[in-house]
Amino acid sequence: MKLALLSAFTLLATFQGAAQAPDPYRPVYHFTAPKNWINDANGLVYTNGQYQLFYQYNPFSADPGHLSWGHATSSDLLRWTPQPVALTEYQNPDGSNTMIFSGSAVVDKDNTSGLFPAGQNDGLVAFYTGHVERPGVVLRQHQNLAFSLDHGLTWQRYAQNPVLDIDSKEFRDPKVFWYAPQQKWVMATVKADRQQIYLYESKNLKAWTFLSRWGRAGNTVREWECPDLFELPVPGGGTRWVLLISAGNPTEQFRGQQYFLGSFDGQSFTPDQPYDEASYLDFGKDFFAGVTFNDAPDNRRVLIGWTNDWAYARDVPTGTQWRGNFAVPRELSLRRTAQGLALVQRPVPELRKLGKAAVNLKTLALKPGPAGYELPFRGEAYDLELTLKPGTAKILSLHVLQSEAERTTLRYDVARQELTLDRTQSGNVGFHPLFASSLETARVPLQNGLLKLRLLVDKSVVEVFAQDGEVTLTDLVFPRQHAGRITLAAEGGTAQVTALRLTNLNQPIAP
């Protein structure tokens, strides 16, 4: 049967109304739903000339619960058009309820599933975890499919769901992809409480056979979630497989993502080395459940992650109309570094087509002192790129979203070669005891004596990309004052800015 849908016109009208209303924390160029709660990105796939973004969504309030799949589409990954709610929770004959948890989507180009009319080569098949519960009691989690003949606007649940059930309460987040060497589909799932990925294969997307399991490596402080397995080219030749796992954070109280590099032969994932220590995707507190698009044009590998943390996600002070947003989509690649092969993340190049150039400096001397240099720009939504030469300075500081009593500070310790993101004085930090409980720190070696930074600042989101994306840090912030000043400072000696460019992105982006 057809799933219940909300009116596309109603959603679009709601979105336009929300965009016009003053909101100090709703981002300008980071994705938010028209209203209500969102968390993980789901079903990322490119079809019909559009990027299809599905996401965990509560159609009824800005609190978690009643999870369904929201839906939006875009031709450029930045301007999103709201679509009707795609997959909605449903009640079972025994009175239990099934929520639509995280998953993925594929284009069944050759109709391997047999679910589409002859000749249709753009049918979508979505895989989601059915989270079955009675009030307060989880009964099971299993994998299900639904299919769409109209590019995700309407969906039909497969009559013989679930397609994969291992009688577990902690079995979720199917990521399905086509493995061309063996002409088959592969599904990566997690047995969350065992901190393992389970791999399955199928020829028809409906019948799945177990392949292998792998795990308990890197960060095992928390359960594993949202796996993603894909191949990337290596500079100079060859490829490596990348396994993303949402798990623990460098700071143990929080959640984050780790990645492993290795090989995949259609049967098993084998890491390149024993991973006793995690390689983290992001060193901030607010980047989680990032997954990539299937079938992106030109073999692009584009990642979208949720900018929040479950420690305080229910409490962030964005009001009762909306809660939750996504990071700017990131294009992934591999790079050879002094520390070995690394996964690199950079904002999608489409971002450079937005906004208006506001500041462009070729060189600037920073003299020691707390006052520093204030940029001739004030705002809360922009893209700032700069290159710093430390000189004799011991500490370099960049304050953003700064007012008389508030600031979010990026600090670089030259001797330690450590970059720290500090939101302890960023504004409203008292809504949860863990929000400002620690600083986010990552090792960032200088390259040819230089530190390259790119900051995407967007009202309540700060994304930091260091050394052309070799290290990232993402945090939420909630300024009470809105002066929007930006200040650079050096401590213990002089330093030099060798390049600085700021693009003003303060105008709302129309879909």
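With mature numbering (1 follows the signal peptide of the UniProt record, and there is no 0) applied, the sequence shown corresponds to residues -21 to -1, 1 to 490, in that order.
Glycine is no exception: its CB is placed at the ideal position from the N, C-alpha and C atoms.
| Check | Outcome |
| --- | --- |
| Where the beta strand (DSSP E) through W220 begins and ends | T218 to G227 |
| Straight-line gap, R422 to G49 (C-alpha atoms, nearest Å) | 37 angstroms |
| Span of the beta strand (DSSP E) around K163 | K163 to K170 |
| Any non-hydrogen atom of the ligand SAM within 8 angstroms of L467 CB | No copy of the ligand SAM occurs in the structure displayed, which carries no ligand at all. |
| Whole-angstrom C-beta distance between Q120 and S147, which should lie under 8 angstroms | 6 angstroms |
| Nearest residue (CA-CA) to L222, options A275, L190, K154 and L56 | K154 |
| Same chain, Cβ closer than 6 angstroms to P3, neighbours up to 5 away in sequence not counted | none |
| Span of the beta strand (DSSP E) around W48 | S47 to S53 |
| Endpoints, the beta strand (DSSP E) within which F150 is located | F150 to Y158 |
| Three-state secondary structure (DSSP) of N278 | helix |
| Collapsed DSSP secondary structure at E419 in the structure displayed | strand |
| Assigned secondary structure, R331 (DSSP; H/G/I helix, E/B strand, else coil) | helix |
| DSSP three-state assignment for R293, whether helix, strand or coil | helix |
| Counted within 10 angstroms of its Cβ, other Cβ atoms place R136 as buried (16 or more) or exposed | buried |
| Through-space distance from T342 to T477, alpha-carbon basis | 5 angstroms |
| Which of helix, strand or coil DSSP assigns to R390 | strand |
| Straight-line Cα distance separating T249 from F243 | 6 angstroms |
| Pair within 9 angstroms by beta-carbon distance, W285 and K14 | no |
| Cβ neighbours of A(-1) in the same chain (closer than 6 angstroms, five flanking residues each side left out) | Reliability of the predicted coordinates at A(-1) is poor, the pLDDT of 46 falling under 50, and no value is obtained from them. |
| Rounded straight-line distance, which links the Cα of Y179 to that of S54 | 32 angstroms |
| Secondary structure of R315, DSSP reduced to three states | strand |
| Whole-Å CB distance - L375 paired with A445, under 8 angstroms assumed | Rounded, the Cβ-Cβ distance is 12 angstroms, inconsistent with contact. |
| Three-way DSSP call (helix, strand, coil) for R173 in this model | helix |
| Start and end residues, beta strand (DSSP E) containing A268 | F267 to T271 |
| Supposed contact pair W193 and S247 - C-beta distance, whole angstroms, cut 8 angstroms | 7 angstroms |
| Straight-line gap, L(-17) to Y36 (C-alpha atoms, nearest Å) | With a pLDDT of only 31 at L(-17), under 50, the local geometry of the prediction cannot be trusted, and no value is derived from it. |
| C-alpha gap between W134 and V64, whole angstroms | 10 angstroms |
| Environment of F106 [buried if 16+ CB atoms lie within 10 Å] | buried |
| Proximity of T11 and L32 at Cβ, strictly below 9 angstroms | no |
| Proximity to D255 [Cα-Cα], best of T199, R309 and V270 | T199 |
| Neighbourhood of L56 by C-beta, 8 angstroms cutoff - its chain only, sequence neighbours within 5 removed | Y30, V281, P308, V327 and E329 |
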